[in-house]
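Let me begin by presenting the structure, written as structure tokens, before commenting on it.
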Amino acid sequence: MFSFVRIIVAYICIFILCVNFFAIVEASNLYLKAPDPKYYKSNTDLLGCDIDESVNLGYTKTNKDWIVYADKDYISLYNSPEEKRVVNVINFLDEFFVINLTKKYVLVEAKNKKVKGWGKVEDFIILPNYLKAPAPYLYKRPSDLWGSIAYESIESDWQVFAAKDNLALYRSPKENKVAGVFNYLNEFFVIKMTEKHILVETKYKKKGWGKVKDFIILTHAYKTNNSINHKAVLLNKVGSIEDDIDAVKPLRGPFSNAIPTEKTIRILDFAYIYSYYPNKKEPSFVLISKKPYFLPYTDQGDPYTIYNSMLGWVPISRVRLWCTREALEPNINRDYPIYYFKNKEDIESYYKDHDNDNKCPRCNNVPLCQRRSTTKDDEILVIRPDFEDNIDRNTWPPEIFRYMILKSNNDITKPFEIGIASATMSDQIFKKNVDKSIDTIYVLAKSMDIVFLIDATMSMSPYFEQVGTIAKSIMGQFNRKNIKFEQKLRFGVVLYRDYLNDKKDLFEINTNLTTNTAKIQQNLKNIRLIKRIEKVGNLEDPAYYPEAVFQALIKTINKNHLDWKKGTRKLIVHIGDAGNHSRGKDTINEKEIAQKMVENDISYCAIQLVSPSKNEEHCKAQKLFCFQVISIIRHIAEISLKKSQEEDQGLFKLQKNDINRFNLLINNSKKFDFNKKEVCSPLGESRWMLKCVPTNDIGEYKKTIVNRIYQHEVDIVNVMNILDDIRMGSKAYYDPNIPKNEKNTLGKNTSSRPFLMPGVINSLALEIGNNLMRRKDDPEIRAKIIKYIGKSNIKRIYSINPDKKLIKSIGKKELEVYLNNDIKFFTTAYVYFKRPGEKNQKSPNQFVKAVLFEKEELGRLLSPFDQFHYKWHGRATPDNIRPIMRDFILAIVGESDDVPLDPKYASQSINSLFEIYRGISLRSNHPILKMKYSDIKKGFFSSDIDLPELSKYLINTRNRLKKLYLNRENDERYFSVFGQKFIWIYAYELP
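Here is the structure:
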């Protein structure tokens, strides 16, 4: 009986298992398999075709069930694709399996099988992929993408950024329920787009719908139809400013009560416009940046990240929009004075009666003014550099801002509206002279000198080869990444040993600073390792383990031993395992080393290789290394803090948070206990640090070195930002990119800005002081120097070797004047490019036109002419004119010559393409340049057309542009704004 029951139970179990198995099989077969994301790039790729068509088209599946998500609240599910009856209503991000798919509908079922029905495909997130980014060279402004779902893309996920604080994301495009609130420059990826909204996701997978206008959706500045970047010139308008008049402080949103970004911009600087709020036609705020474009996928060590380049929102009242890049400069060869009128009607009225005389405009000789009883004589003109026969013929220095043309005007018989700063020429030259010093430090600071200081005793041998490998790897990455920014990286290797070794072995420059990493690797292989000294005579040496650490550090810092380059960012990576013992041979101490580090603006990273040991002397030697390095770092922090509080008092504002960060480092350095068991205690996370690495962990050793060098690269960007901020009038130590209310600012804060500031200020003050000293024989400069240092010190500036402290004090005084310079107001004026009247037609123009070019932009302008020079050797013939013009078109639009020519380019002429993509009109009237390429290709041109004349024009233009482009970096025609090189090119120099 018992056996029979067991058999029955067994059959029941088998039956249940079979039922479950077939249920699983049925469930598995019930759902469609997910499309392979490798083949379907976005949520729109599968729209418009049902599943059978997809199979025929090569619908590529994975082996996973297809899961989709509702993309908003209140989505109706129906009993059929005909939408006859609603069976369920689902909400944002509800999850479903796909059972079937048609051209417009999808049959879905919830995991719990309680919800099932047909929904519109467009209401679901059907693929895990993001939309691809819009092609940056096709879309000139964000509004080009508003109201349009279809667009041309590139093979890169579409990354967007919040354009303001408190940006609300909703659970549907109807904006009825908030899914989350995000802040300025938060990062998102785009999943879907409607005409006015985008569905986005953060890297933490938080999703929501936002207004497309609330995001930075393009990676470049707003452009005109002919590709000229919109720029904003920062200014004060007379009588319109109630708040801070000496600077513009951008905001984290387009509202007057928005939080400042903590960045500051000086008057008469210009920046690039990325967005207008609420619209371009009547903006109340503009979003501005240092750079004409940013790189969305780069890390913080790159100056072209959005975080390093974006400045913030500024009120329209504080900027003058400049969308032409054209400006006017007074012609020094003009015959007549220039009068700058406040309004257009007055200038037209004046020249109707005074086209043959030079009388200064007054209300009694300007007909329209006579009719206005309220206007005074001094209210007619904006400025008056000329007065009747007294004409100002001073040559304008290249770096001085010209009178920008505010509205395009190709009719020289009509007045030009221009922007004018009331700053005097001497004021502007003073500002630019300091700017040049900032630019000098800026360029030098882009490069890195890194020295490995290594204990060359037997115990360190496994780590030498790793240093060479790391150097080679980092050099390769650096060269690939930074060639565009003209940065340089050099490595050096210094070895030290014990005081009781031969004197020649005590300190050895294994490899001086070089870019040749192969040489470093070879030299490291040939190191002669020295065994640690164990005895002195017949006695055990109590300093058996300690090395000549202090002697090595002092000599490494010394420029007479190592080829440190002036102005570069310097880093010593100190690798050792035992502390210093002078053996009575010197009196060098930690404070002296720290003082030299601060004076020479050197960053310091010590890596202590820790090994377990039962030998008491060995443990003491390891503890000694840790104690001495920590002591050096403490003295560096104390000296830097004191310097910041005393020497720079009144010049830069040391914030409470900055002082706390110095004190935190100092206090932590005092916690090391020599009596404890631990032989190493790590300290610091930023510019000065000690890391403890086990001797058996090569991976951690390599990681520590690589991370510290990467941090050094980040420090370069911090230095560049500091210099940008100083140039913009900021006196802050703190990092503007870190909000003041951040809770972690006293913890693991990677920003080294407060620790970098003293060195930057010192270098800049010396550069400014040296620039003034080089021109001390100029009476005006000499008077300024005497004002700064007093008459009693006048002899000191003429000594053969002027005191460095004196030069620095002169530079600091000049920098203080620069930072506190009285603001010059800005206004508009009306002028004639050519003086009206028949008599004046043969006279020189009153102005010359200048066009502002970035150096990179000038290079792009040059590229098609270079192609003609190198590929076709400057010769156009009836046989090769077609491929020549094709090459020209591809170079103009930025395409490679191995792609088919897009028909939309073929329907344009070379001249029109230059206007669209380069923002200039070609000066030549040659018929070939005005013909459509499609007509040239068909041979629709005369056989006797003058191609040699065309060749001559193209080569001459190329030579002119090449000469401008290849000017040395310190050529006076170039000047910098936010690290970008610019040049004013006169209209007659352009193609």
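Residue numbers (this note's numbering): 1 to 991.
All residues carry an ideal CB built from backbone N, CA and C; glycine is no exception.
- With a contact defined as Cβ atoms closer than 8 Å, residue 106 and residue 119 qualify at about 6 Å.
- Given a length threshold of 3 residues, each whole run of the beta strand (DSSP E) inside the region 646-716 is given here in chain order: 688-694.
- DSSP, reduced to helix, strand and coil, places residue 598 within a helical segment of the structure shown.
- In the three-state scheme derived from DSSP, where H, G and I count as helix and E and B as strand, residue 232 is classed as strand.
- A residue is called buried once 16 or more other Cβ atoms fall within 10 Å of its Cβ, and residue 792, having fewer, is exposed.
- Residue pairing of residue 197 in beta bridges, as defined by DSSP: 211.
- Residue 693 and residue 605 have their C-alpha atoms spaced approximately 13 Å apart.
- Three or more beta-carbon pairs drawn from the region 566-578 and the region 587-603 are found closer than 8 Å, and the two stretches are therefore classed as touching.
- Counted as a single uninterrupted DSSP element, the alpha helix (DSSP H) harbouring residue 871 occupies residues 855-872.
- With respect to residue 635, residue 671 sits apart: the two C-beta atoms are not nearer than 9 Å.
- Residue burial is scored here from C-beta neighbours: residue 553 has at least 16 other C-beta atoms within 10 angstroms and is therefore classed as buried.
- In this structure, residue 338 sits near residue 846, with a CB-CB distance shorter than 9 Å.
- At a Cβ-Cβ threshold of 9 Å, residue 145 and residue 134 count as neighbours.
- In the DSSP assignment, residue 117 falls outside any alpha helix (DSSP H) and within the unbroken beta strand (DSSP E) covering 116-120.
- The way I'd put it, the region 159-170 does touch the region 207-217; three or more beta-carbon pairs between them come closer than 8 Å.
- Comparing alpha-carbon positions, the option among 81, 78, 84 and 124 lying closest to residue 94 turns out to be 124.
- For the pair residue 713 and residue 882, the Cα-to-Cα distance works out to about 48 Å.
- In the DSSP annotation of this structure, the continuous segment of the alpha helix (DSSP H) that includes residue 346 starts and ends at 344-353.
- A direct Cα-Cα distance of roughly 14 Å separates residue 515 from residue 469.
- For residue 893, the CB contacts under 7 Å within the same chain, skipping 5 residues up- and downstream, are 905, 913 and 917 in chain order.
- The beta carbon of residue 782 sits closer than 7 Å to the beta carbons of 776 from its chain, once the five residues preceding and following it are set aside; these are given in chain order.
- In the DSSP assignment, residue 404 is bridged to 327.
- For residue 368, there is no enclosing beta strand (DSSP E); the residue is part of the alpha helix (DSSP H) that begins and ends at 367-371.
- Taking C-beta separations shorter than 7 Å and ignoring five residues to either side along the sequence, the partners of residue 156 in its chain run 132 and 133, following chain order.
- Cα atoms of residue 595 and residue 778: separation of roughly 36 Å, rounded to the nearest angstrom.
- For residue 382, the secondary structure class from DSSP, reduced to helix, strand or coil, is coil.
- Judged by DSSP in its simplified three-state form, residue 804 adopts helix.
- Take residue 957, set aside five residues on each side of it, and the residues of its chain with a beta-carbon closer than 7 Å to its own are 865 and 991, in chain order.
- Residue range 980-986 is occupied by the beta strand (DSSP E) that includes residue 986.
- Boundaries of the beta strand (DSSP E) harbouring residue 162: 159-162, taken from the DSSP string.
- Straight through space, the alpha carbons of residue 711 and residue 159 are spaced by roughly 25 Å.
- Counting along the chain, residue 271 sits inside the beta strand (DSSP E) bounded by residues 270-277.
- The three-state reading of DSSP puts residue 141 in coil, since its state is none of H, G, I, E or B.
- Judged by beta-carbon spacing, residue 476 lies beyond the 9 Å limit of residue 450, meaning their Cβ atoms are not closer than that value.
- If you look at residue 965, you'll find it in the alpha helix (DSSP H) that goes 947-965.
- Three or more beta-carbon pairs separated by less than 8 Å are not found between the region 294-311 and the region 319-334, which leaves the two stretches without contact.
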